[in-house]
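Oh and the sequence shown: position 116 is 117 in our numbering, straight run, nothing missing.
Report on the structure given below.
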Amino acid sequence: MFFSVGVCLPENDQTAFGLVVPALCNESYGCLSAADTEAEMAARAREAILLIVEQMAEDSVDLSTLHDAGTLRYKKDPQWVDYSEWFAVDVDISRFSGKPLRINISLPDTLLACIDNRVKENPAAYRDRSHFLAQAARHELSAHQK
């Protein structure tokens, strides 16, 4: 998943870059970090994201509901005005989504062909057929939550 990261520039050489991940900031969690150099920013952001997502998983938060609004939207949001620079970092959070189990299902061949085509056309969105089906199931389950 891609996460937008806001950067608060240091005031002097003795101050670190401040980092925030708005998609993981709410009334229960805050994803903040710091980096001494520009070269460290992505690694520090990734580390902070993994720590917060791990905590969320332990707290039984439905990780499929995570949503990043994108750097352009966060840049315009007054809540993040102190963060003048933005970048996105791709973090694989799938390991926190539960243990994969192999199942045997039957689907019409035409539906399977459509799924395979969608996966092939969207490699940034879907790793493989299983990932597509898991995303579709999460979407359907969240759409009909009571």
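Ideal Cβ positions, reconstructed from N, Cα and C, are used throughout, including at glycine.
Linking F18 to F88 through their CA atoms gives a straight-line distance of about 13 Å.
Taking 9 Å as the cut-off, the Cβ atoms of S29 and E48 do not count as close. Membership of E86 in the beta strand (DSSP E) is indicated by the continuous run 86 to 91.
With respect to the C-alpha of V21, the residue from L102, R103, T72, L113 having the closest C-alpha is T72.
Under the three-state reduction of DSSP output, C9 falls in the strand class. R139 is positioned such that its CB atom lies closer than 9 Å to that of S65.
Here the alpha carbons of L134 and P109 stand approximately 14 Å from one another. When the beta-carbon positions are compared, V82 and L67 stay at least 9 Å from each other. Scanning the region 3 to 53 from its first residue to its last, the whole beta strand (DSSP E) runs of 3-plus residues come out as 3 to 9, 18 to 21, 33 to 36.
One Cα belongs to Q56, the other to I94, and the distance between them is close to 12 Å.
In the three-state DSSP reduction, D110 falls in the helix class (H, G or I). Counting along the chain, the unbroken alpha helix (DSSP H) around L73 starts and ends at 72 to 77. Taking all protein chains shown into account, A44 has fewer than 16 neighbouring C-beta atoms within 10 Å of its C-beta and is therefore exposed.
Residue state for R130 is assigned as helix, using DSSP reduced to three classes.
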